[in-house]
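Here the sequence shown is numbered in my numbering, starting from 3 and rising by one per residue. I have placed the structure first, in the form of structure tokens, so that the comments after it can refer back to it.
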Amino acid sequence: MDSKDHPLIEFSLCLDLVSLSMRAGLDFKSALILITENESSSPPSKVRKEFQYLLSELRIGKSKEEAVREFSMRWNHPLIEQFCQTLLYGLKQGISISDLLMDQAENIRHQFFLEFEKTVSRKPFKLLIPLFLLILPATMIVLMLPIFLQLLGGG
């Protein structure tokens with residue numbers, strides 16, 4: 003499973019990086035700069051582009067609350083919206099953002115893997131459909147044809 007194929011995984015990893023950067027002493031904006039402008043090691047992705055857009059909104063003078071609300075509206079995903087609401091609440095209440103980001107990253111990963119497990123658990127049933135519709139009837143014909151011909155011919 004590659005994080006490029008699953009933006010939620012990449013999103014949670016970026017949140018972890020922001021959180022670790024903040025725990026190392028950077029502020030929120032500086033941590034965003036660190037993860038968005040260090041793209042030499044990885045190709046651009048939707049997640050990094052969205053974080054770059056969030057950073058550019060903060061640079062032009064928008065408040066964190068406004069920028070996070072617009073970030074949430076651009077994603078239009080329930081887990082990202084939940085993250086943004088939690089972040090807005092944390093900003094209003096003065097909660098440690100680094101801890102909040104780490105918890106939210108873990109929550110997003112957990113929810114993603116639950117959905118992934120549900121998807122994977124449905125796969126065996128989908129594989130049984132061709133078995134019963136195509137392979138089993140063909141096998142029965144091959145097995146029953148000699149018996150049927152023997153009954154008709156030897157009768």
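Here a beta-carbon is modelled for each residue, glycine too, at the ideal position from N, C-alpha and C. Values in this document were obtained by computation on a predicted structure and should not be read as measured data.
C-alpha distance - residue i paired with residue j, whole-angstrom precision
i   : j    : result
L22 : A33  : 9 Å
G96 : T88  : 12 Å
D18 : K64  : 24 Å
E68 : S98  : 19 Å
E52 : F127 : 37 Å
E83 : I143 : 55 Å
Residue i - containing alpha helix (DSSP H), residue span
i   : result
A26 : A26 -> no alpha helix (DSSP H), and no H or E assigned at all.
I62 : Counting along the chain, I62 falls outside any alpha helix (DSSP H), and DSSP gives it neither H nor E.
S98 : Taken as a continuous stretch (DSSP letters only), S98 belongs to no alpha helix (DSSP H), as it is neither H nor E.
S32 : F30 to T38
Option nearest residue i by Cα separation, candidates the options
i    : options                 : result
R50  : L60, I37, R61 and H79   : I37
A107 : L147, F85, K66 and F30  : F85
P80  : S58, S100, Y55 and N109 : N109
K31  : D105, K66, I137 and G92 : K66
Buried or exposed by the 16-neighbour rule on C-beta atoms within 10 Å, applied to residue i
i    : result
A26  : exposed
M146 : exposed
I11  : buried
L103 : buried
### Task
Quick one: which unbroken alpha helix (DSSP H) runs of 4-plus residues sit fully inside the segment 66–139? Chain order, please.
66–77, 80–95 and 99–132
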